[in-house]
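Below is one structure, written out as structure tokens; comments come after it.
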Amino acid sequence: MDIQTIILILVGTILLVVNLFLFLHTIKTNKNIDNLLEKGKIKDFKEILLSQKSKNEEISKQIKEAFLRIEELEKISEITIRKTGIVRFNPFNDMGGNQSFVVALLDNKNNGFIISSLFIKEGSRVYTKTIRQGKSDYSLSNEEQEAINRAIKSHG
545 MDIQTIILIL VGTILLVVNL FLFLHTIKTN KNIDNLLEKG KIKDFKEILL
595 SQKSKNEEIS KQIKEAFLRI EELEKISEIT IRKTGIVRFN PFNDMGGNQS
645 FVVALLDNKN NGFIISSLFI KEGSRVYTKT IRQGKSDYSL SNEEQEAINR
695 AIKSHG
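Take 545 as the starting number for the sequence shown in the numbering used here and just add one per residue.
This is the structure we're talking about:
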């Protein structure tokens, strides 16, 4: 036998061993994949990837919707009543208790209204005044101004 034949046999043998090793490795890998995927319940890995992609798309859609809803709620919360201040007082120092009161109800920009209730012998009187940026177009009593100040301070 000449040297070329020996080299060819040697290369062929090496290729056969490598091929056998790869074949056995493929069988072992397929068994591991079957065990991992619980053979019979899931058809193939492609199905898993497509299913996961679909779930991710749905979750992304839900997250976008949630962020839009949060933005909408933030806009609404700017104009809802967020600050309150209450002052009880006695308009007549010589009789009765602190049965009169003022309630200030303001949004985040200090817009809103105050409700004043004066309790007197003949009955009760209720008044409202609008508030814009913490101020009113109407004259305010000390108690009304105090209620506004408490409301503004109540929420920072």
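Note that the Cβ used here is the ideal one computed from N, Cα and C, for glycine as well.
Euclidean distance between Cα positions of residue i and residue j
i: Lys665; j: Gln677; result: 35 Å
i: Ala695; j: Ser621; result: 16 Å
i: Glu618; j: Ile577; result: 49 Å
i: Ile550; j: Thr573; result: 34 Å
i: Glu687; j: Ser668; result: 17 Å
i: Ser604; j: Leu594; result: 15 Å
i: Glu615; j: Glu609; result: 10 Å
i: Phe701; j: Glu602; result: Residue 701 cannot be examined here, being either before or after the span of the chain that is shown, 545 to 700.
i: Phe567; j: Ile547; result: 30 Å
i: His569; j: Ile592; result: 23 Å
i: Lys597; j: Gln606; result: 14 Å
i: Gly556; j: Ile571; result: 22 Å
i: Leu552; j: Lys575; result: 34 Å
i: Gly641; j: Tyr671; result: 20 Å
i: Lys599; j: Asn579; result: 24 Å
i: Leu554; j: Lys590; result: 40 Å
i: Asn563; j: Met545; result: 26 Å
Pair within 8 Å by beta-carbon distance, residue i and residue j
i: Phe611; j: Arg632; result: no
i: Arg626; j: Asn652; result: yes
i: Asn655; j: Ile630; result: no
i: Gln643; j: Phe663; result: yes
i: Leu649; j: Thr624; result: no
Status (buried if at least 16 other CB within 10 Å, exposed otherwise) for residue i
i: Ile692; result: buried
Own chain residues within Cβ distance below 6 Å of residue i, not counting five before or after
i: Lys673; result: Ile658, Ser680, Tyr682
i: Val647; result: Ile630, Ile659
Same chain, Cβ closer than 8 Å to residue i, neighbours up to 5 away in sequence not counted
i: Ser698; result: Lys627, Thr628, Gly629
i: Ser685; result: Val646, Ser660
Cut-off 7 Å between Cβ atoms - residues of its own chain near residue i, not counting five sequence neighbours on either side
i: Ile558; result: none
i: Pro635; result: Ser644, Leu662
i: Leu560; result: none
Complete runs of the beta strand (DSSP E) confined to the stretch 600 to 663 [at least 3 residues]
Runs of the beta strand (DSSP E) lying entirely within the stretch 600 to 663 and spanning at least 3 residues, in chain order: 627 to 633, 644 to 650.
Ignoring anything shorter than 3 residues, give me the beta strand (DSSP E) runs that lie fully in the stretch 545 to 580, in order along the chain.
Complete beta strand (DSSP E) runs here, min 3: none at all.
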